[in-house]
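Note sheet for the following structure.
Numbering (the working numbering), first residue to last: 10 to 95.
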């Protein structure tokens, strides 16, 4: 049985770790703000990012649907469309 990927919003403290690539299927919307597609649980994703980047602040929240946004990184809408979310 395949696990369905979940869309998460991830916020890292700006600077340092926030600018590092997450190493997963993700898109940096703005410094410290990322969309992430993951088949893992929220806890698994949280701990993976926490161990890899050791940010001062970290928020990981699942999204029920694709967010509406303006002024984010070029290609953000395309990234969502490529995953069938927009």
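All C-beta atoms in this analysis are idealised placements derived from N, C-alpha and C, irrespective of residue type, glycine included.
(Q) Suppose you measure from the CA of residue 45 to the CA of residue 17; what does that come to, to the nearest Å? (A) Cα to Cα, residue 45 sits roughly 5 Å from residue 17.
Q) Who are residue 71's beta bridge partners in DSSP? A) Paired residues: 17.
Q: Provide the residue span of the alpha helix (DSSP H) that contains residue 89, from first to last.
A: Start and end: 85-91.
(Q) Between which two residues does the beta strand (DSSP E) holding residue 43 run? (A) Its beta strand (DSSP E) spans residues 42-47.
Q. Any idea what DSSP makes of residue 62, helix, strand or coil?
A. Three-state result, residue 62: helix.
Q) CB residue 43 to CB residue 15, shorter than 8 Å? A) Taking 8 Å as the Cβ cut-off, residue 43 and residue 15 do not qualify as a contacting pair.
(Q) For a quick check, are the C-beta atoms of residue 90 and residue 22 less than 8 Å apart? (A) No, these two residues do not count as a Cβ contact at 8 Å.
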